[in-house]
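Enquirer: Numbering (our numbering), first residue to last: 1 to 256. For glycine and all other residues, C-beta sits at the position ideal for the given N, C-alpha and C.
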Ligand SMILES: NC(=O)c1ccc[n+]([C@@H]2O[C@H](COP(=O)([O-])OP(=O)(O)OC[C@H]3O[C@@H](n4cnc5c(N)ncnc54)[C@H](OP(=O)(O)O)[C@@H]3O)[C@@H](O)[C@H]2O)c1
């Protein structure tokens with residue numbers, strides 16, 4: 001395979017956590033448009049199912065939406081079992097589900113910190129552990145973690161989120177080393193600011209415009225489709241010699 005065909009995902013099955021909306025949904029749609037069948041999940045099964053129906057309709061691929069809370073080990077186990085049962089294989093895992101709880105450290109509870117860490121860091125750890133036996137048996141696989149620009153740089157009032165995304169960056173590198181012998185690559189996409197539900201509450205504040213959007217070299221929010229190229233690349237044979245890397249899709253924020 002050479003050239004543009006390296007980006008095709010025909011015959012592959014991708015599991016995208018948190019694929020009911022936002023970046024995860026866009027990633028699932030992008031992978032399906034490249035030929036993959038997709039399974040996506042969220043804590044709300046009906047929203048996951050609705051997103052899957054729309055992706056199937058717009059791409060012509062098989063798509064399945066399932067309920068799963070990635071912080072719950074038994075949910076994650078069932079998600080992987082149902083994905084395998086429904087699609088017959090799993091080739092690509094996108095650990096995308098995530099939350100953010102913002103505020104100065106003195107105004108946050110330990111429960112806030114734990115909840116963000118459980119979702120953003122423990123969730124990808126659980127899902128990777130559950131999917132890896134399937135990928136190892138096949139001798140090929142892709143794990144893509146959706147980390148953040150805050151895996152590498154700090155902003156005030158983001159202690160739970162930045163700590164969780166720093167953990168995801170290192171999880172990516174450790175798993176890349178553990179999985180390389182079996183032909184499995186593990187990489188992370190580090191998005192800059194995208195206008196999703198996660199940012200709905202802060203999008204109009206002058207502080208956000210200055211410190212978040214103003215942090216990017218391009219001086220604007222990312223558009224949801226702008227995450228798809230990185231996801232297709234890291235999921236496909238095009239990235240076969242890339243593992244343990246962090247791919248920043250951040251409008252040039254980290255170029256500063
Ligand atoms: N938007 C940005 O600017 C930005 C920047 C950098 C990184 N990111 C990362 O990109 C990823 C997607 O974020 P987004 O902006 O698209 O947020 P979003 O629009 O709020 O979507 C989050 C998705 O994750 C799901 N989710 C949340 N907690 C979950 C859990 N415990 N189990 C299963 N699913 C769960 C949500 O569905 P339910 O609520 O129904 O469960 C939803 O599908 C996150 O990892 C986020 O940290 C986003």
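Residue 174: buried (16+ other C-beta within 10 angstroms of its C-beta) or exposed?
Expert: Taking the first residue of the chain shown as 1, we reach residue 174 at position 174. Exposed, by the Cβ-count rule.
Enquirer: Unbroken beta strand (DSSP E) runs of length 3 or more, entirely within the stretch 14 to 71: which are they?
Expert: 37 to 42, 63 to 67, all fully within the stretch 14 to 71.
Enquirer: Would you tell me roughly how many angstroms separate the C-alpha atoms of residue 158 and residue 233, rounded to the nearest one?
Expert: Looking up residue 158 in the chain shown gives position 158. Looking up residue 233 in the chain shown gives position 233. If you take the alpha carbons of residue 158 and residue 233, they lie about 29 Å apart.
Enquirer: Secondary structure at residue 256, three-state DSSP: helix, strand or coil?
Expert: Indexing the chain shown from 1 puts residue 256 at position 256. In this structure, residue 256 counts as coil in the three-state DSSP scheme.
Enquirer: Would you list the one or two residues that DSSP bridges to residue 194?
Expert: Position 194 of the chain shown, counting from 1, holds the residue named residue 194. In DSSP, residue 194 forms a bridge with 222.
Enquirer: Do you know whose CA, among 45, 236, 207, lies nearest residue 3's CA?
Expert: Walking along the chain shown from the start, residue 3 turns up at place 3. Of the listed residues, the one whose Cα sits closest to residue 3 is 236.
Enquirer: Does the Cβ of residue 60 have 16 or more other Cβ atoms within 10 Å, making it buried, or fewer, making it exposed?
Expert: As a first step, residue 60 must be located in the chain shown, where it is residue number 60. With fewer than 16 other Cβ atoms within 10 Å, it is exposed.
Enquirer: Would you check if the stretch 108 to 124 and the stretch 38 to 58 touch, i.e. whether three or more CB-CB distances between them fall below 8 Å?
Expert: At 8 Å Cβ cutoff, the stretches do not touch.
Enquirer: For residue 102, which residues of its own chain have a beta-carbon under 8 Å away from its beta-carbon, when the five flanking residues on both sides are left out?
Expert: Within the chain shown, residue 102 is the residue found at index 102, counting from 1. Contacts found: 157, 158, 161, 202.
Enquirer: So, with DSSP's three-state summary, where would you put residue 120?
Expert: One-based indexing of the chain shown puts residue 120 at position 120. Reduced to three states, the DSSP call for residue 120 is helix.
Enquirer: Could you give the DSSP three-state label for residue 209: helix, strand or coil?
Expert: Counting from 1 along the chain shown, the entry for residue 209 is found at position 209. It is helical.
Enquirer: Kindly give me the distance between the Cβ atoms of residue 186 and residue 176, rounded to whole angstroms, as I take these residues to be in contact under 8 Å.
Expert: Sequence index remark: in the chain shown, residue 186 carries index 186 (1-based). Sequence index remark: in the chain shown, residue 176 carries index 176 (1-based). Right, their Cβ atoms sit about 4 Å apart.
Enquirer: At a threshold of 7 Å, does residue 107 count as lining ligand 3 (C-beta to nearest heavy atom)?
Expert: This structure lacks ligand 3; its bound ligands are ligand 1.
Enquirer: Should residue 143 be listed as close to ligand 1, given that the test is whether its C-beta is under 7 Å from any heavy atom?
Expert: Against the chain shown, residue 143 aligns to sequence position 143. It does not: the Cβ of residue 143 is nowhere closer than 7 Å to a heavy atom of ligand 1.
Enquirer: If you compare alpha carbons, which of 248, 205, 207, 238 is closest to residue 222?
Expert: Against the chain shown, residue 222 aligns to sequence position 222. For the residues 248, 205, 207, 238, the minimum Cα distance to residue 222 belongs to 248.
Enquirer: Determine the DSSP secondary structure at residue 99, reduced to helix, strand or coil.
Expert: Within the chain shown, residue 99 is the residue found at index 99, counting from 1. Three-state DSSP puts residue 99 in coil, outside helix and strand.
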